[in-house]
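Number of protein chains: 2
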Amino acid sequence: MKFREAKNKFVQTWGALGSQWGINKTMAQIHALLMVSHEPVSMEDIMEELQISRGNASMNLRALMDWGIVYKEYKTGERREYFTAEKDLDELAVKISKERSKREIKPALKVLKEVSSIEADGTEEERHFVEQTSKLYDFVLKADNVLDKMTEHKDNWLAQILIKFMK
Amino acid sequence: MKFREAKNKFVQTWGALGSQWGINKTMAQIHALLMVSHEPVSMEDIMEELQISRGNASMNLRALMDWGIVYKEYKTGERREYFTAEKDLDELAVKISKERSKREIKPALKVLKEVSSIEADGTEEERHFVEQTSKLYDFVLKADNVLDKMTEHKDNWLAQILIKFMK
DNA sequence: AATAAATTTCATTTATTTTTGAAAGTTTAA
DNA sequence: TTAAACTTTCAAAAATAAATGAAATTTATT
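Note that the protein sequences, when read in sequence, are chains A and B.
Going by my numbering, 102 is the number at position 102 of the first sequence; the sequence numbering is gapless.
Going by my numbering, 31 is the number at position 31 of the second sequence; the sequence numbering is gapless.
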């Protein structure tokens, strides 16, 4: 396999993986492209390489920056903007974890707390609902905390954790 | 909030959360419904409660069973099939982890290995590509292993892990 | 302050995913 | 062996999500 082919395959695969995890394909592809680029890339280049429109590129770059995993860069004497991706994978994972927690897990927890707090009358049906949603609340809260604890280990946390579990 | 309202809110929220993580909304809703039902539910009931078609119910129940998190049950003397969800949350998380690993992570790892193994000529561009995809391969492999190790702790693994990290 | 270069926005179009529903298939029991 | 009860399948329709592209906006330059 040659470089061009490999790069393309990587971008496509990362895009597909993104889709499967609820991230829009183009957003994941742009991210992939920036991850393996050794120097900052302009919007023009991204449009060209992924064959997408200016609007699409602009919106997804904005989204990636909102996630905190892509940065704008300026080159002196150049008007156009360049982009780079967070290349430290530990840092990347931490940012994604924190963001998903904030956007998706925390709001879900709020709802779980609400619905598990209803005044259940005596019926088996209601009793079971409250029990199950309470358990779910506890579980999700615990999972969210585990993720938080894991990612607060600063350097090379994944390796450290793996070692911990191995022994 | 009353029971009906709470149940509906839970189902909707679980459905939305599913979408955000790449699981189709109806599939997540059916799962939610079964999770909080104290007794097995028929396809008819599901169609009625979620206002969906027979085909939709059938296909998503099949998918949930393929994931190993919903089971068919038969009632003696009754022809129709009933469904229940895995209610043990530790077990549920383990099954989802294993399945996503098998379906999504493992294939992605295979590609990462391929593309990181190209014969890079001397250019900075190719050198960087190989380095970055290699790192990514290592990272994803490690993450996959961590998940595997975590979920093989049989009982109440999440709590155990949390304790581990607290100290 | 006028022009040029680049970026963002968003109504519309396009693509993708999900859902429907009716026909085909399966199972059970008379 | 057939017919009723129930489930699955899948082509077509509907709903949803994503992408386009041109106008509006912003930013830099003369």
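A virtual CB, placed ideally from N, CA and C, is assigned to each residue, including glycine.
Only a predicted model underlies this, so the values are computations on that prediction, with no experimental measurement involved.
Alpha-carbon to alpha-carbon, residue j and residue i
i	j	result
N145 (chain B)	G15 (chain B)	29 Å
T151 (chain B)	L64 (chain A)	31 Å
D138 (chain B)	D121 (chain A)	53 Å
K142 (chain B)	R54 (chain B)	42 Å
E119 (chain B)	K102 (chain B)	28 Å
K9 (chain A)	L17 (chain A)	12 Å
R4 (chain A)	V111 (chain B)	15 Å
P40 (chain B)	I23 (chain A)	34 Å
L158 (chain B)	Y82 (chain B)	30 Å
V140 (chain B)	L34 (chain B)	33 Å
Q51 (chain B)	D88 (chain B)	27 Å
Q160 (chain A)	K113 (chain B)	23 Å
K72 (chain B)	V115 (chain A)	27 Å
K75 (chain A)	D148 (chain A)	36 Å
D155 (chain A)	E124 (chain A)	49 Å
E78 (chain A)	V70 (chain B)	58 Å
Range covered by the alpha helix (DSSP H) that runs through residue i
i	result
S97 (chain A)	89-100
L108 (chain B)	Note that residue 108 (chain B) is Ala in the sequence shown, not Leu. 106-115 is the extent of the alpha helix (DSSP H) around A108 (chain B).
Interface residues of chain B facing residue i [CB-CB closer than 8 Å]
i	result
M150 (chain A)	F165
A143 (chain A)	A93, L158
Q132 (chain A)	M35, V36, K87
L17 (chain A)	E104, A108
F3 (chain A)	I118, A120, D121, E125, E126, F129
E114 (chain A)	M1, A6, K9
Residues that residue i contacts on chain A, provided the C-beta gap is smaller than 8 Å
i	result
V111 (chain B)	K9, F10, T13
V146 (chain B)	L158, I161, L162, F165
L136 (chain B)	M35, L89
Chain-ordered chain A contacts of residue i [CB-CB under 7 Å]
i	result
W67 (chain B)	What W67 (chain B) touches in chain A: nothing, since even the nearest Cβ is about 14 Å away.
Supposed close pair residue i, residue j - CB separation, criterion 8 Å
i	j	result
A57 (chain A)	M43 (chain A)	5 Å
E99 (chain B)	L92 (chain B)	About 11 Å; that fails the 8 Å criterion.
H128 (chain B)	H38 (chain A)	4 Å
K191 (chain B)	V36 (chain B)	Examination of residue 191 (chain B) is not possible in this model, given that chain B is present from 1 through 167 alone.
W67 (chain A)	K95 (chain A)	7 Å
Residues that residue i contacts on chain B, provided the C-beta gap is smaller than 9 Å
i	result
K106 (chain A)	In chain order: nothing, as chain B lies at least about 11 Å away.
M27 (chain A)	Ordered by position in chain B, no residue passes the 9 Å Cβ test against M27 (chain A), which lies about 13 Å from the chain.
Contact list for residue i against chain B, beta-carbon separation under 7 Å
i	result
Q20 (chain A)	G22, E104
L64 (chain A)	In chain order: nothing, as chain B lies at least about 17 Å away.
V169 (chain A)	The structure shown does not extend to residue 169 (chain A), since chain A is modelled only from 1 to 167, so the question has no answer here.
Per-residue contacts from residue i into chain A (C-beta, under 9 Å)
i	result
F83 (chain B)	Those do not exist, as F83 (chain B) stays about 16 Å from chain A at its closest Cβ, beyond 9 Å.
Closer than 7 Å: residue i CB and nearest the ligand SAH heavy atom
i	result
N156 (chain A)	The ligand SAH is absent from the structure shown, which contains no ligands of any kind.
For the region 10-81 of chain B, which segments carrying the alpha helix (DSSP H) assignment without a break, of at least 4 residues, lie completely within its bounds, in sequence order?
25-35, 43-50, 54-66
For the region 133-162 of chain A, list the beta strand (DSSP E) runs that are entirely contained and at least 3 residues long, ordered along the chain.
none
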